[in-house]
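Following this note's numbering, the numbering of the sequence shown begins with 425 at its first residue and continues without gaps. Ideal placement from N, C-alpha and C gives every residue a C-beta, glycine not left out.
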Amino acid sequence: MRISARADYAVRAALQLAASRSDDPLKTEAIAEAQDIPHKFLEGILNDMRRGGLVVSRRGGNGGYRLARPAGAISIADVIRVVDGPLVSVRGVRPPDLSYTGPAESLLPLWVALRSNVREILDGVSLADVASAELPAGVSALATAPDAWVNP
Numbered sequence: 425m426r427i428s429a430r431a432d433y434a435v436r437a438a439l440q441l442a443a444s445r446s447d448d449p450l451k452t453e454a455i456a457e458a459q460d461i462p463h464k465f466l467e468g469i470l471n472d473m474r475r476g477g478l479v480v481s482r483r484g485g486n487g488g489y490r491l492a493r494p495a496g497a498i499s500i501a502d503v504i505r506v507v508d509g510p511l512v513s514v515r516g517v518r519p520p521d522l523s524y525t526g527p528a529e530s531l532l533p534l535w536v537a538l539r540s541n542v543r544e545i546l547d548g549v550s551l552a553d554v555a556s557a558e559l560p561a562g563v564s565a566l567a568t569a570p571d572a573w574v575n576p
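The following block contains the structure:
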């Protein structure tokens with residue numbers, strides 16, 4: 425699975441908003457600078473997140489962005505889906521819409537299982553979890569497995 429730059433930037437921007445200690449909106453420039461995200465790219469991402477109902481914006485001198493819901497009510501998967509679409513696809517097609525024949529037939533349940541595991545992790549971790557550095561126990565266990573940080 426690949427996480428696009430767009431998804432990475434969107435999650436980081438959402439985490440910056442989640443970590444804000446104020447009810448005042450954050451300006452795009454402040455988010456971009458804090459997370460080292462290209463400003464123009466971030467503007468498009470924040471617009472997608474606004475259209476997706478994850479953030480709200482306010483215009484004017486005191487304007488900017490803030491989360492539309494509490495950080496605990498927004499999963500990492502929610503953010504990725506808004507900016508990139510489905511979490512797992514094969515050639516742009518969702519696994520249930522695929523079909524294979526012959527020896528490749530068992531690929532379909534493999535792709536569905538992969539999607540299920542990705543969903544379980546990304547839907548089960550909220551912005552609040554990451555912003556507070558308190559990942560769910562199952563996710564922490566996976567990340568601390570001896571081979572988790574090694575590339576084969």
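A contact is defined here as three or more CB-CB pairs under 8 Å, and the region 493 to 503 fails this definition with respect to the region 513 to 532. With 16 or more neighbouring CB atoms inside 10 Å of its own CB, threonine 452 falls in the buried class. Around the beta carbon of valine 574, fewer than 16 other beta carbons lie within 10 angstroms, which makes this residue exposed. When DSSP states are grouped into helix, strand and coil, arginine 493 belongs to the coil group. If you draw a straight line from the Cα of glutamate 467 to the Cα of asparagine 541, it comes to about 31 Å.
Distance from the CA of asparagine 486 to the CA of aspartate 447, rounded to the nearest whole angstrom, comes to 11 Å. Runs of the alpha helix (DSSP H) lying entirely within the region 455 to 538 and spanning at least 4 residues, in chain order: 463 to 475, 500 to 508.
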